[in-house]
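Enquirer: Below: one structure in structure tokens.
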Amino acid sequence: MKLKKAELKDFLDSKVTLYNHPKFIESDPIQIPHQFSEKEDIEIAGFLTATIAWGNRKSIINNANKMMELLDHSPSEFIMRHQDSDLEKLSPFVHRTFNGNDFIQFIKSLQHIYKNHDGLEVVFAQHAKKNSLQQSIYEFKKIFFEVPHLKRTKKHVSDPLKNSAAKRINMFLRWMVRNDNNGVDFGIWKSLSPSQLSCPLDVHSGNVARKLGLLKRKQDDGKALAELDKALRRLDPKDPVKYDFALFGLGVFEGF
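Mind the numbering: the sequence shown is residues 0 to 255 in numbering that gives the first Met the number 0, read in order.
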């Protein structure tokens with residue numbers, strides 16, 4: 000499907016309007032952080048949910064709800080105040096290759112970030128570049144694993160400087176930074192701008208982007224993300240990742 004730039008923009012903008020809508024929340028993992036109203040609860044619930052956001056969406060939502068249950072539906076308080084004995088109940092948790100040991104490690108690392116680095120927003124904002132947060136994600140991973148950690152858990156935080164598309168963290172950043180005025184994305188991180196975000200690139204958005212001529216690279220990796228970023232910034236430099244709704248919606252809901 001080859002459209003001129005103006006036609007392509009109109010087509011994608013119409014799909015953004017269609018999918019960037021509160022109805023989207025009902026079938027999307029973003030519903031988990033929407034259970035909370037405090038900033039820290041929203042960002043912690045969002046980060047943990049995004050971490051396990053691969054595979055079947057129903058099972059992602061079920062397991063993310065289980066995570067919140069295990070954290071007594073107060074993720075921030077649990078992270079800041081838990082005793083070691085409180086962590087034992089997390090050990091049976093499993094979502095695909097993310098297990099209870101990984102979950103416990105994430106709780107310890109998040110506590111480190113809130114106690115010693117002023118929280119998730121500060122860590123991601125520190126190394127932000129004008130048009131990219133990929134360096135921020137790399138630096139975040141280093142800080143996240145400053146505490147004693149299991150080697151196996153490191154694979155659950157992507158590293159864009161190793162050519163990862165870092166889909167799940169880019170999705171989490173979209174949730175936190177982008178204020179869509181439609182009640183889907185939260186826009187609670189004011190120190191970053193939507194213009195710095197990257198599209199969460201996965202098999203659905205990648206395939207649709209290729210069909211629309213936004214992406215040539217075959218793999219869904221860091222290089223493909225850079226290429227897609229460029230194309231989306233040409234369509235809207237201020238809010239390029241709004242097109243995630245269009246690409247994802249076309250792929251998942253319309254089988255485009």
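The C-beta atom is built at its ideal place from N, Cα and C for all residues, glycine as well.
#1: Span of the alpha helix (DSSP H) holding residue 167?
#2: Report yes if the CB atom of residue 28 is closer than 8 Å to the CB atom of residue 63, and no otherwise.
#3: Determine contact between the region 105-113 and the region 141-161, defined as no fewer than three beta-carbon pairs at a distance below 8 Å.
#4: Below 8 Å, how does it come out for the region 237-244 and the region 174-185: are there three or more Cβ pairs, yes or no?
#5: Since residue 193 and residue 238 are thought to touch, with beta carbons under 8 Å apart, how far apart are those beta carbons, to the nearest angstrom?
#6: In or out: residue 50 buried (at least 16 other Cβ within 10 Å) or exposed?
#7: Taking the C-alpha atoms as reference points, what is the distance between residue 216 and residue 225?
#8: Sort 61, 103, 96 by Cα distance to residue 77 and report the nearest one.
#9: Within its chain, find whatever has a CB closer than 6 Å to the CB of residue 11; leave out the 5 residues flanking it on each side and keep chain order.
Expert: According to the structure shown:
#1: Taken as a continuous stretch (DSSP letters only), the alpha helix (DSSP H) holding residue 167 covers 166-176.
#2: Contact: yes.
#3: By the C-beta criterion, the region 105-113 is judged to be in contact with the region 141-161, since at least 3 inter-stretch pairs fall below 8 Å.
#4: The region 237-244 vs the region 174-185: in contact.
#5: Taking a contact as a CB-CB distance under 8 Å, the pair residue 193 and residue 238 counts as one, their CB atoms being some 5 Å apart.
#6: That one is buried.
#7: C-alpha separation (whole angstroms): 10 Å.
#8: For residue 77, the nearest C-alpha among the options comes from 103.
#9: For residue 11, where only same-chain residues beyond five positions count, the Cβ hits under 6 Å are 242, 245.
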